[in-house]
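Asker:
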Amino acid sequence: MLLFAAPLEGHGYGMPHDASLDGWRIDALINETSFFVILLFVIMVAWMLWAVFRHGRNHPARFDHGSSRRSIAVVLGIAAAIFFVVDGHLFVNSVLSWRDVFGNFAWAESQPEAVRVEVNAHQWSWAVRYAGPDGKFNTPDDIVLLNEVVVPQGAPIIFQLVATDVIHAFNIPNMRAKIDVVPGMVNRLWFTPKETGEFDIACAQHCGANHYKMKAKLTVLPRADYQRWAAEASANSARAFDPDDKDGHWGWEWSEHSRI
Ligand SMILES: [Cu+2]
Numbered sequence: 000m001l002l003f004a005a006p007l008e009g010h011g012y013g014m015p016h017d018a019s020l021d022g023w024r025i026d027a028l029i030n031e032t033s034f035f036v037i038l039l040f041v042i043m044v045a046w047m048l049w050a051v052f053r054h055g056r057n058h059p060a061r062f063d064h065g066s067s068r069r070s071i072a073v074v075l076g077i078a079a080a081i082f083f084v085v086d087g088h089l090f091v092n093s094v095l096s097w098r099d100v101f102g103n104f105a106w107a108e109s110q111p112e113a114v115r116v117e118v119n120a121h122q123w124s125w126a127v128r129y130a131g132p133d134g135k136f137n138t139p140d141d142i143v144l145l146n147e148v149v150v151p152q153g154a155p156i157i158f159q160l161v162a163t164d165v166i167h168a169f170n171i172p173n174m175r176a177k178i179d180v181v182p183g184m185v186n187r188l189w190f191t192p193k194e195t196g197e198f199d200i201a202c203a204q205h206c207g208a209n210h211y212k213m214k215a216k217l218t219v220l221p222r223a224d225y226q227r228w229a230a231e232a233s234a235n236s237a238r239a240f241d242p243d244d245k246d247g248h249w250g251w252e253w254s255e256h257s258r259i
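Position 243, counted from 1, in the sequence shown is what numbering that gives the first Met the number 0 calls 242; the numbers after and before it change by one each time, with no gaps.
The following block contains the structure:
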């Protein structure tokens, strides 16, 4: 009944509003997939209905077992056309998007305005850490937040993520950003927020009884507001820094070459 449901305001049908610079690449792949799935469904159902109504009691169906050379050639031809045209197109576009954008961490890291964020996922919250003015993680000037990420508009935001218990998944639908967070690995992800505002962060991997509570907020601020916020947050965190709180020092040294 999706077709008859009223669209959410500002969201249209289907996917949530895209507030990221490169999300359109993912949307294009999803839309193309949906288009071809619907197209092929309509063709097949129409064909089937035609056969059902054409071959009534007075017009017995003629059929063969599809084992003739001609039948096999037609089937293989259609299958090859779908595979090479539809799947090939999706595959090539996926690979190019990954190479040029989503997997291009070298480019994101090389941008002077890039913001680096460490995330530690656990049952059932997101601990968040920024390096602060010294650019080094796990030092007293780190900005440390819980269930909250604040970033500037228009800059590449690079996340490195770890989990301390089970598998979680960091998901920001409005930024078309989602990645599993796995114990024993440092996974990473980057995107550029195009619009300011507040957006939901959810855990997208069922991670225990309170999985549904594992949500956080992404706030995208204009660049100048972000600078002001970061300076203040760093000063606050430095004041609250407790050198004896071992659990509080979960950050790690940022590596631009972490595996994915
Ligand atoms: Cu989770």
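Glycine included, C-beta positions come from ideal geometry on N, C-alpha and C.
#1: If I measure Cβ to Cβ from Ile259 and keep anything under 7 Å in the same chain, skipping five residues before and after, which residues do I get?
#2: Closer than 6 Å by C-beta to Val143: which residues in its own chain qualify, once you throw out the five before and the five after it? Chain order, please.
#3: Would DSSP call Phe136 helix, strand or coil?
#4: Out of Phe190, Val149, Lys214 and Trp106, state which residue places its alpha-carbon closest to the alpha-carbon of Ala223.
#5: Flag this pair as yes or no: are the beta carbons of Ala176 and Ala203 separated by less than 8 Å?
#6: Would the segment 234-249 and the segment 209-222 be scored as touching if the rule is three or more Cβ pairs under 8 Å?
#7: Assuming Glu112 and Ala215 are in contact, meaning their beta carbons sit under 8 Å apart, how far apart are those beta carbons, in whole angstroms?
#8: Going by DSSP, what residues sit across from Cys206 in a beta bridge?
#9: I want to check one thing, is the minimum distance from the CB of Met184 to the heavy atoms of ligand 1 below 7 Å?
#10: List, from N- to C-terminal side, the alpha helix (DSSP H) runs of 4 residues or more that fit wholly inside the segment 80-159.
#11: Whose C-beta lies closer than 6 Å to the C-beta of Met0 among residues of the same chain, with five residues either side of it excluded?
#12: Check whether the segment 116-131 and the segment 69-89 touch, using three or more Cβ-Cβ pairs below 8 Å as the test.
#13: Report the rounded CA-to-CA distance for Pro172 versus Phe240, giving the unit in angstroms.
#14: I need the straight-line Cα distance from Leu145 to Phe101, nearest angstrom please.
#15: Which residues does DSSP list as the beta-bridge partners of Trp189?
#16: Please confirm whether Val118 and Ala154 have their CB atoms less than 8 Å apart.
Answerer: Quick look at the numbers:
#1: Here the model assigns Ile259 a pLDDT of 44, short of 50, so the residue's position is not dependable, and the following value carries that caveat. If we look at Ile259 and ignore the five residues flanking it on each side, its Cβ neighbours are Asn186 and Arg187.
#2: Arg128 and Ser236
#3: coil
#4: When only C-alpha atoms are compared, the closest one is Val149.
#5: no
#6: The segment 234-249 makes no contact with the segment 209-222: fewer than 3 CB pairs, one atom from each, lie closer than 8 Å.
#7: Wrong, their Cβ atoms sit about 23 Å apart, outside the cutoff.
#8: For Cys206, which the question treats as bridged, DSSP gives no partner whatsoever.
#9: No; taking the cut-off as 7 Å, the Cβ of Met184 has no heavy atom of ligand 1 nearer than that.
#10: 87-96 and 104-109
#11: With a pLDDT of 46 at Met0, under the threshold of 50, the predicted position of this residue should be treated as unreliable, though the coordinate-derived value follows. Nothing meets the Cβ criterion.
#12: Touching, no.
#13: In this structure, the alpha-carbon of Pro172 lies about 33 Å from that of Phe240.
#14: 26 Å
#15: Ile157
#16: No. Outside cutoff.
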